[in-house]
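**Student:** Pasting in a structure now, in structure tokens, and then I'll have a few things to ask.
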Amino acid sequence: MNARTTTRIGWADLPEHVRSAVEDILGDRVVEAVSQPGGYSPGTADRVRTAGGARAFVKAVSPAQNADSVRLHRTEARNTAALPPYAPTPRLLGLHDDGEWVAMVLTDVDGRHPATPWRGAELTRVLATLAELAAALTPNPVPHVPNAAEHLAYDLAGWQRIAADPPPDLDPWAAAHLTDLVDAAGRALAALDGDTLCHVDIRADNLLVDPAGTVTVVDWPWACRGPAWLDTALLLVNVRLHGGHDTDALLRRLPVTADVDRDTLTGFYAGLAGFFLDGARRPPPPGIPTVRAFQRAQGEALLPWVASRLG
4 MNARTTTRIG WADLPEHVRS AVEDILGDRV VEAVSQPGGY SPGTADRVRT AGGARAFVKA
64 VSPAQNADSV RLHRTEARNT AALPPYAPTP RLLGLHDDGE WVAMVLTDVD GRHPATPWRG
124 AELTRVLATL AELAAALTPN PVPHVPNAAE HLAYDLAGWQ RIAADPPPDL DPWAAAHLTD
184 LVDAAGRALA ALDGDTLCHV DIRADNLLVD PAGTVTVVDW PWACRGPAWL DTALLLVNVR
244 LHGGHDTDAL LRRLPVTADV DRDTLTGFYA GLAGFFLDGA RRPPPPGIPT VRAFQRAQGE
304 ALLPWVASRL G
């Protein structure tokens, strides 16, 4: 699931004035650009090197690729610029926004995505980083972000949309328990209070591990204010998708989730399953042809887990 997931443009596809603006931010000429796989933006995702040897990471997009990606780039730039220097995140070096093209220039992280299926030691390191991140970002240091309940209200209402218009291939267990799923997701949404800055899109392709094992959390357009356990719970969706680990045991063992109400976590995963399965039946957005298959895979990975937890 970490293969290329978009019809992505590269550095050479950017208009000359956008490349020039990036070089102005860097203060030097770009002589090398290497496109990075993974992720869900059809814009550039290039590691660049300048004539003087400096390195940076460039993300750029226009409405011609995907209009929503333009909005997300602007939000990500604002969020990243506000992140405190002690957080294990990239730094925003500069932003070009001409009303059409939005280009972010970020510090380049010397790292790779965690391997999937998840390796035990790497998963342990990432989970520890997320716990440390939650502690460091409480209280929330970025006041402009929305709270989790309003941010995720549409997402966690997926079962309501499915109940109103059931797809013909709806899982039989889900079809028989739609009311339970709607109710469980609603209860979880009401419990998403907290004052921690949360990433809310935690999965392997939004994490980088450097040669020393240090983890950096990248791509912050969805940031919100919520409970300290939120990002850890979201990572376990990715772990569940790829298999090989007892996610129930992890929830019980991890300090950040061990004391969270079981029904809240179950309802949260129920809501996510509904979001993914509802989204998967819709046409793919421009420039992102494989996202619906990825959503379906996540929904289908979560649903048996939710069924077992609802019992």
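In this note's numbering, the protein residues as written are 4 to 314. Cβ coordinates follow ideal geometry from the N, Cα and C atoms, glycine included.
Give me the Cα-Cα distance between residue 152 and residue 213, rounded to the nearest whole angstrom.
**Tutor:** Cα to Cα, the separation comes out at about 33 Å.
**Student:** In the region 148 to 196, which residue ranges form an unbroken alpha helix (DSSP H) of at least 4 residues, counting only runs that do not cross its ends?
**Tutor:** Within the region 148 to 196, the complete alpha helix (DSSP H) runs of at least 4 residues are 151 to 154, 161 to 167, 175 to 179 and 181 to 193.
**Student:** Between 19, 133, 263 and 56, which has its C-alpha nearest residue 209's C-alpha?
**Tutor:** Per the Cα distances, 133.
**Student:** How big is the Cα-Cα spacing for residue 8 and residue 200?
**Tutor:** Because the pLDDT at residue 8 is just 47, under 50, the model does not fix this residue reliably, and the point stays unresolved.
**Student:** Assuming residue 303 is part of the alpha helix (DSSP H), what are its boundary residues?
**Tutor:** Looking at the DSSP string, the run of the alpha helix (DSSP H) that includes residue 303 is 294 to 313.
**Student:** Check whether the region 40 to 57 touches the region 284 to 299, taking contact to mean three or more Cβ pairs, one atom from each stretch, closer than 8 Å.
**Tutor:** Result yes; three or more Cβ-Cβ pairs closer than 8 Å.
**Student:** Looking at the structure shown, is residue 76 part of a helix, part of a strand, or coil, going by DSSP?
**Tutor:** Of the three classes helix, strand and coil, the one that applies to residue 76 here is helix, per DSSP.
**Student:** Could you tell me the alpha carbon to alpha carbon distance between residue 188 and residue 165, rounded to whole angstroms?
**Tutor:** Looking at the two C-alpha atoms, the distance is approximately 13 Å.
**Student:** Which whole-angstrom value describes the C-beta separation of residue 112 and residue 211, a residue pair presumed to lie in contact below a C-beta threshold of 8 Å?
**Tutor:** At roughly 5 Å, the Cβ-Cβ gap stays under 8 Å, so residue 112 and residue 211 are in contact.
**Student:** Give the DSSP-derived three-state secondary structure of residue 50 in the structure shown.
**Tutor:** Note: residue 50 maps to strand in three-state DSSP.
**Student:** Please report the distance separating the alpha-carbon of residue 30 from that of residue 303.
**Tutor:** Rounded to whole angstroms, residue 30 to residue 303 spans 48 Å at the Cα level.
**Student:** From which residue to which residue does the alpha helix (DSSP H) around residue 228 run?
**Tutor:** No alpha helix (DSSP H) contains residue 228, which is instead part of the beta strand (DSSP E) from 227 to 229.
**Student:** To which residues of the same chain is residue 118 closer than 7 Å at the C-beta, ignoring the five residues directly before and after it?
**Tutor:** Cβ within range, chain order: 125.
**Student:** When DSSP builds the beta bridges, which residues end up paired with residue 55?
**Tutor:** Looking at the DSSP assignment, residue 55 forms no beta bridge with any residue, so it has no partner.
**Student:** Please classify residue 31: does DSSP put it in a helix, a strand, or coil?
**Tutor:** The answer is coil: DSSP assigns residue 31 none of H, G, I, E or B.
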